[in-house]
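See below for the structure under consideration.
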Amino acid sequence: YRHSQPPSAVAGGHKYPPPFYARRDKDGRMVLNEDLDVPRNPVVLRALNQARKVLNALVREYGAPHEVRIEMARDLSRPLDERRQIEREQQEYRERNEKNRAMFVEHFGREPKGAEFEKWRLYREQQGKCAYSVEPIDIGRLLEEGYVEIDHALPYSRSFDDSKNNKVLVHAKENRDKGNRTPYEYLGGAEDSERWQRFVAFVESNKAYRQAKRSRLLRKNFGEDEAKEFRERNLNDTRYICRFFKNYVEQHLKLSNDSESERCVVVSGQLTAFLRARWGLLKIRDESDRHHALDAAVVAACTHGMVKRLSDYSRRRELEQVRAGFVDMETGEIVAPAAFARLERDFPKPWPDFRYELETRLKEDDPVKLRAAMKELGTYPEAALNTLRPLFVSRAPQRRNGGAAHKDTVYGQPQRLKVQGSVTQRVPLASLTLKDLDHLIDPHRNEKLYAAIRTRLQAHGGKGERAFPPHDPLRKPDRDGNPTGPIVRTVTMVIDKLSGVPVRGGIAKNDAMLRVDVFKKDRKFHLVPVYVHHRVKGLPNRAIVAFKDEEAWTLIDDSFGFCFSLYPNDLVRVTLKKGSLLGYYAGCDRSGGTISLLPHDRDKRIGADGLIRGVGVKMAVSVEKLHVDILGNIYPAPPEVRRGLA
Numbered sequence: 250y251r252h253s254q255p256p257s258a259v260a261g262g263h264k265y266p267p268p269f270y271a272r273r274d275k276d277g278r279m280v281l282n283e284d285l286d287v288p289r290n291p292v293v294l295r296a297l298n299q300a301r302k303v304l305n306a307l308v309r310e311y312g313a314p315h316e317v318r319i320e321m322a323r324d325l326s327r328p329l330d331e332r333r334q335i336e337r338e339q340q341e342y343r344e345r346n347e348k349n350r351a352m353f354v355e356h357f358g359r360e361p362k363g364a365e366f367e368k369w370r371l372y373r374e375q376q377g378k379c380a381y382s383v384e385p386i387d388i389g390r391l392l393e394e395g396y397v398e399i400d401h402a403l404p405y406s407r408s409f410d411d412s413k414n415n416k417v418l419v420h421a422k423e424n425r426d427k428g429n430r431t432p433y434e435y436l437g438g439a440e441d442s443e444r445w446q447r448f449v450a451f452v453e454s455n456k457a458y459r460q461a462k463r464s465r466l467l468r469k470n471f472g473e474d475e476a477k478e479f480r481e482r483n484l485n486d487t488r489y490i491c492r493f494f495k496n497y498v499e500q501h502l503k504l505s506n507d508s509e510s511e512r513c514v515v516v517s518g519q520l521t522a523f524l525r526a527r528w529g530l531l532k533i534r535d536e537s538d539r540h541h542a543l544d545a546a547v548v549a550a551c552t553h554g555m556v557k558r559l560s561d562y563s564r565r566r567e568l569e570q571v572r573a574g575f576v577d578m579e580t581g582e583i584v585a586p587a588a589f590a591r592l593e594r595d596f597p598k599p600w601p602d603f604r605y606e607l608e609t610r611l612k613e614d615d616p617v618k619l620r621a622a623m624k625e626l627g628t629y630p631e632a633a634l635n636t637l638r639p640l641f642v643s644r645a646p647q648r649r650n651g652g653a654a655h656k657d658t659v660y661g662q663p664q665r666l667k668v669q670g671s672v673t674q675r676v677p678l679a680s681l682t683l684k685d686l687d688h689l690i691d692p693h694r695n696e697k698l699y700a701a702i703r704t705r706l707q708a709h710g711g712k713g714e715r716a717f718p719p720h721d722p723l724r725k726p727d728r729d730g731n732p733t734g735p736i737v738r739t740v741t742m743v744i745d746k747l748s749g750v751p752v753r754g755g756i757a758k759n760d761a762m763l764r765v766d767v768f769k770k771d772r773k774f775h776l777v778p779v780y781v782h783h784r785v786k787g788l789p790n791r792a793i794v795a796f797k798d799e800e801a802w803t804l805i806d807d808s809f810g811f812c813f814s815l816y817p818n819d820l821v822r823v824t825l826k827k828g829s830l831l832g833y834y835a836g837c838d839r840s841g842g843t844i845s846l847l848p849h850d851r852d853k854r855i856g857a858d859g860l861i862r863g864v865g866v867k868m869a870v871s872v873e874k875l876h877v878d879i880l881g882n883i884y885p886a887p888p889e890v891r892r893g894l895a
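The numbering of the sequence shown is the working numbering, which starts it at 250 and goes up by one.
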């Protein structure tokens with residue numbers, strides 16, 4: 250995104266708020282604008298950058314705003330003692346940072362660069378020891394490249410937690426060995442190993458660790474459900490985001506000349522919900538993403554006076570009482586007329602027909618019907634009616650080039666199986682079904698064992714978890730068929746075909762597909778999937794042939810024309826003989842050679858739970874890539890050349 254701020258600021262502010270990035274370093278990475286004190290949390294930074302893009306696009310389209318309102322999905326108002334406690338903690342943190350910085354300068358004779366101060370701060374916090382091994386860190390090598398590294402205790406990919414409470418300083422080898430595990434998983438916490446006990450003792454005795462950090466370091470349960478909850482909590486930490494963005498807008502954006510507002514109005518999620526109900530608006534989250542536009546309109550219609558009045562209601566615990574004044578959504582009856590009269594005065598409707606206009610703008614997808622409905626209101630000028638169009642949700646494409654090259658599981662591939670491309674995998678007996686027995690390796694060498702497995706499965710309805718419970722293990726039969734041998738818990742199964750990445754003499758499945766490259770020849774479209782491992786191997790040159798092995802796919806040569814690359818959330822229109830489909834690219838099925846499309850608003854009534862699967866493109870009349878700007882305007886995508894992944 251190229252920022253289009255004019256070279257000089259206008260008096261009293263800027264026409265456009267300035268970018269968060271100042272420049273790129275020698276490696277091409279973006280360097281943050283130090284003048285803005287931008288937060289380093291990547292999740293927060295992404296949210297702020299998207300908000301800034303939306304604001305700049307609105308200013309370009311409509312001019313300087315009269316007021317700016319931001320929704321904050323947090324508590325409406327904090328008690329005074331809690332606000333003072335937060336201020337005290339912030340002041341203590343600033344003083345501690347200044348002291349640490351002075352000590353760094355005294356020890357190294359210069360100011361810290363980049364991550365050096367973070368390493369120094371963690372070194373002191375951890376009493377000069379590696380957080381995991383609890384072995385001393387050589388201070389003389391602290392700034393040496395590759396000696397120590399900053400790690401996320403709860404892996405970032407699983408937690409999205411980039412806070413200081415989740416960061417530790419460790420020897421580089423410990424970081425590599427830990428990988429994508431928690432300290433409890435890495436140090437053998439489940440077995441109460443000696444390493445884990447030593448780690449726990451160090452964490453619990455370190456007075457420099459705050460309780461929030463201790464809880465992360467010593468966390469035991471962090472399965473998929475817990476990780477999902479943790480990620481959602483971090484992604485929704487909007488209080489911090491809103492506070493920064495409010496100050497950013499107030500300091501850098503010039504409002505319109507006729508505006509009497511001096512600052513942003515921050516609206517809580519509680520007030521938004523209150524006003525939705527007060528104005529008779531129904532929010533249905535599960536239907537589509539359009540409810541976000543509903544909230545945006547409510548936030549825009551909220552005044553600073555409403556914020557203060559509801560805050561007063563909350564402080565005096567009157568909110569539950571005034572809720573009785575809502576209009577019953579089903580009957581239209583006004584409940585508690587006295588309370589309703591009070592609400593009419595304090596929280597009036599923004600204008601007549603507000604509810605009808607908003608709901609029509611949200612739901613009507615036919616531009617002709619939409620313009621006719623708005624014309625009846627008598628409030629739209631003719632010029633505005635002519636440019637009116639239905640709502641279209643804009644999504645940011647996910648154009649990443651990194652990530653894991655393959656899945657963690659490595660499947661064995663003995664030399665005798667390489668010819669047919671088969672692989673092996675060890676599977677627990679408890680996961681077997683009767684159908685699986687036909688795929689076990691070397692049946693002629695394991696006849697008695699496999700017969701015993703079949704007998705057990707048949708006796709328990711073909712269900713492995715019942716046939717092989719932990720308290721009744723299966724023992725390998727001897728030559729006479731007696732179960733006197735060692736306990737058998739797993740067997741080796743042959744998987745006929747598996748495409749992927751060669752790893753340590755075996756095969757690992759490809760990780761997530763980065764993009765799909767679209768080629769055309771003789772009026773047919775061809776799809777070439779691109780994965781992370783192609784950064785090393787080079788771009789692939791084979792296009793999918795449905796239900797064929799990769800070796801039998803179509804070889805792409807100079808006779809094929811490159812059309813474009815599709816990344817997740819790129820808008821694409823596929824025109825078929827029976828009609829056309831418009832949606833955001835959501836993935837490619839390499840077995841069938843089809844793509845999946847996401848309706849722009851994720852309407853759950855379209856396709857299978859909001860996803861249109863199995864869209865065939867090979868024989869399509871046309872496949873077009875489109876560009877959607879921040880405000881939802883759609884344009885043809887510019888011509889592309891095929892690019893590598895470097």
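We put the CB at the ideal spot given by N, CA and C, even for glycine.
Keep in mind it's a predicted model, so treat the numbers as computed, not measured.
Option in Ile-388, Arg-784 and Asn-414 with minimal Cα separation from Asp-400: As a working mapping, residue 400 is identified with position 151 in the sequence shown. It is Asn-414.
Taking the C-alpha atoms as reference points, what is the distance between Gly-730 and Lys-697? Walking along the sequence shown from the start, residue 730 turns up at place 481. Walking along the sequence shown from the start, residue 697 turns up at place 448. Going from the Cα of Gly-730 to the Cα of Lys-697 covers about 6 Å.
What distance in whole Å lies between the Cβ atoms of Glu-310 and Leu-880, which are believed to be in contact at a cut-off of 8 Å?
-> Walking along the sequence shown from the start, residue 880 turns up at place 631. Walking along the sequence shown from the start, residue 310 turns up at place 61. Leu-880 to Glu-310, Cβ: 6 Å. Contact.
Return yes when the Cβ of Gln-647 is within less than 8 Å of the Cβ of Asn-818, no when it is not.
Along the sequence shown, read from residue 1 onward, the residue named residue 818 stands at position 569. Along the sequence shown, read from residue 1 onward, the residue named residue 647 stands at position 398. Going by C-beta atoms, Asn-818 is nearer than 8 Å to Gln-647.
Within 10 Å of its beta-carbon, does Ala-573 have 16 or more other beta-carbons around it, so buried, or fewer, so exposed? In the sequence shown, the residue the question calls residue 573 occupies position 324. Residue placement at Ala-573 is poorly supported in this model, since its pLDDT is 46, which falls under 50; the coordinates are not used for a value here.
For Thr-843: DSSP bridge partner residues: By 1-based counting over the sequence shown, the position of residue 843 is 594. According to DSSP, Thr-843 bridges with Asp-838 and Gly-865.
Check: If you compare alpha carbons, which of Arg-694, Leu-392 and Pro-597 is closest to Tyr-226?
Finding: Any property of residue 226 remains undetermined from this structure, which presents the chain solely from 250 to 895.
**Prompt:** Per DSSP, Glu-398 forms a beta bridge with which residues?
**Reply:** Position 149 of the sequence shown holds residue 398. Glu-398 pairs with Val-419.
Open item on the list: I need the straight-line Cα distance from Gln-570 to Glu-398, nearest angstrom please.
Closed with: Start at 1 with the first residue of the sequence shown, and residue 570 comes out as number 321. Start at 1 with the first residue of the sequence shown, and residue 398 comes out as number 149. At Gln-570 the pLDDT is 47, less than 50, meaning the model places this residue with poor confidence; the figure from the coordinates comes in the next sentence. Distance between the alpha carbons of Gln-570 and Glu-398: 55 Å.
> Going along the chain, which residues of its own chain have a beta-carbon closer than 8 Å to the beta-carbon of Arg-715, five neighbours each way excluded?
Replying inline: Numbered from its first residue, the sequence shown carries residue 715 at position 466. So the qualifying residues of the chain are His-709.
message = I'd like to check one pair, Ala-869 with Val-823: are the Cβ atoms closer than 8 Å?
response = To locate residue 823, count along the sequence shown from 1; it is residue 574. To locate residue 869, count along the sequence shown from 1; it is residue 620. Yes, the pair counts as a contact, with Cβ atoms nearer than the cut-off.
Q: Report the option in Gln-460, Ile-490, Lys-853 and Gly-828 whose CA atom is closest to the CA atom of Val-871.
A: Position 622 of the sequence shown holds residue 871. A quick correction: the sequence has Ser, not Val, at residue 871. It is Gly-828.
**Prompt:** Among residues of its own chain, excluding the 5 on either side of Phe-448, which ones have a beta-carbon nearer than 7 Å to its beta-carbon?
**Reply:** The sequence position of residue 448 within the sequence shown is 199, counting from 1. Cβ within range, chain order: Tyr-381, Val-383, Pro-432 and Leu-436.
Is Cys-491 helix, strand or coil by DSSP?
Along the sequence shown, one-based indexing puts residue 491 at 242. Note: Cys-491 maps to helix in three-state DSSP.
Note to self: Does Leu-804 pass the burial test, meaning 16 or more other C-beta atoms within 10 Å, or should it be called exposed?
What the structure shows: By 1-based counting over the sequence shown, the position of residue 804 is 555. Looking at its Cβ environment, which holds fewer than 16 other Cβ atoms inside 10 Å, Leu-804 is exposed.
Quick check: is the beta carbon of Val-866 nearer than 8 Å to any beta carbon in chain D?
Absent from the structure is chain D; it holds one protein chain and no more.
Span of the alpha helix (DSSP H) around His-541
Residue 541 sits at position 292 when you count from the first residue of the sequence shown. Start and end: 540-550.
| For Pro-898, which residues of its own chain have a beta-carbon under 8 Å away from its beta-carbon, when the five flanking residues on both sides are left out? | Nothing can be reported for residue 898, as the shown portion of the chain is limited to 250 through 895.
Alpha carbons only, please: which of Ala-645, Ala-622 and Leu-307 is nearest the one belonging to Asn-635? Stepping through the sequence shown from its first residue, residue 635 is reached at position 386. Nearest option by C-alpha distance: Ala-622.
- prompt: In angstroms, rounded to a whole number, what distance separates the CA positions of Ala-313 and Ala-526?
  reply: Position 64 of the sequence shown, counted from the start, is the residue given in the question as residue 313. Position 277 of the sequence shown, counted from the start, is the residue given in the question as residue 526. Straight-line Cα distance between these residues: approximately 31 Å.
**Prompt:** For Trp-802, which residues of its own chain have a beta-carbon under 7 Å away from its beta-carbon, when the five flanking residues on both sides are left out?
**Reply:** Walking along the sequence shown from the start, residue 802 turns up at place 553. Arg-791, Ala-792, Ile-793 and Val-794, listed in sequence order.
Per DSSP, what are the beta-bridge partners of Lys-769 in this structure? As a first step, residue 769 is located in the sequence shown; it is residue number 520 there, counting from the start. For Lys-769, which the question treats as bridged, DSSP gives the partners Phe-774 and Gly-810.
query: The alpha helix (DSSP H) spanning Lys-786 covers which residue range?
result: Here residue 786 refers to the residue found at position 537 when the sequence shown is read from its first residue. Per DSSP, Lys-786 belongs to the alpha helix (DSSP H) from 783-786.
Quiz item: Among the residues of its own chain, which have a CB less than 8 Å from the CB of Ser-814, if the five just before and after it don't count?
Solution: By 1-based counting over the sequence shown, the position of residue 814 is 565. Counting only Cβ-Cβ distances below 8 Å, and skipping sequence neighbours, we find Arg-764, Val-765, Asp-766, Val-767, Val-779, Glu-889, Arg-891 and Arg-892.
- Task: Following the continuous alpha helix (DSSP H) through Glu-239, name the residue where it begins and the one where it ends.
- Result: Here the chain has residues from 250 to 895 only, and residue 239 is not among them.
When we look at the beta-carbon of Phe-353 and count the other beta-carbons within 10 Å, is it buried (16 or more) or exposed?
Working through the sequence shown from its first residue, we reach residue 353 at position 104. Classification for Phe-353: buried.
Over what stretch of residues does the alpha helix (DSSP H) that includes Lys-612 continue unbroken?
-> What you label residue 612 is simply residue 363 of the sequence shown in a count that begins at 1. For Lys-612, the enclosing alpha helix (DSSP H) starts and ends at 603-612.
Open item on the list: Rounding to the nearest angstrom, what Cα-Cα distance links Ser-517 and Tyr-884 in this structure?
Closed with: Your numbering for residue 517 matches position 268 in the sequence shown. Your numbering for residue 884 matches position 635 in the sequence shown. Distance between the alpha carbons of Ser-517 and Tyr-884 is about 35 Å.
Assuming Thr-682 contacts Val-743 (C-beta within less than 8 Å), just tell me the rounded distance between them. Position 433 of the sequence shown, counting from 1, holds the residue named residue 682. Position 494 of the sequence shown, counting from 1, holds the residue named residue 743. Not really, about 15 Å apart at Cβ, beyond 8 Å.
| query | Nearest to Asp-544 by CA position, among Gly-554, Phe-523, Arg-675 and Met-555, is which residue? | reply | For the purposes of this step, residue 544 is identified with residue 295 of the sequence shown, where counting begins at 1. Comparing Cα positions, the closest option is Phe-523.
- Task: Within the same chain, show all residues whose beta-carbon is closer than 8 Å to that of Gly-581, passing over the 5 residues directly before and after it, in chain order.
- Result: The sequence position of residue 581 within the sequence shown is 332, counting from 1. Residue placement at Gly-581 is flagged as unreliable, the pLDDT there being 47, under the threshold of 50; the coordinate-derived value follows with that caveat. Taken in chain order, the list of residues that qualify is empty.
My understanding is that Val-821 touches Gly-832, with C-beta atoms under 8 Å, so please give their C-beta distance in whole angstroms. In the sequence shown, the residue the question calls residue 821 occupies position 572. In the sequence shown, the residue the question calls residue 832 occupies position 583. Right, the Cβ-Cβ distance comes to about 7 Å (below 8 Å), so this counts as a contact.
**Asked** Does the beta-carbon distance from Leu-640 to Arg-738 come in below 8 Å?
**Response** As a position in the sequence shown, residue 640 is number 391, starting the count at 1. As a position in the sequence shown, residue 738 is number 489, starting the count at 1. No, they are not a contact pair.
Margin query: So the candidates are His-693, Pro-848 and Trp-600; which of them puts its Cα closest to the Cα of Ser-537?
Written below: Numbered from its first residue, the sequence shown carries residue 537 at position 288. When only C-alpha atoms are compared, the closest one is Pro-848.
| Contacts around Ala-291, its chain only, beta-carbon distance under 7 Å, and the 5 residues preceding and following it disregarded | To locate residue 291, count along the sequence shown from 1; it is residue 42. Sequence inspection shows Pro at residue 291; the Ala mentioned does not correspond to that position. Closer than 7 Å at Cβ, skipping near neighbours: Asp-411.
State the CB to CB distance for the pair Val-417 and Gln-375, rounded to an integer number of angstroms; the pair is presumed to be in contact (CB under 8 Å).
Within the sequence shown, the letter at position 168 stands for residue 417. Within the sequence shown, the letter at position 126 stands for residue 375. Going by Cβ atoms, the distance from Val-417 to Gln-375 rounds to 7 Å, so yes, they are a contact pair.
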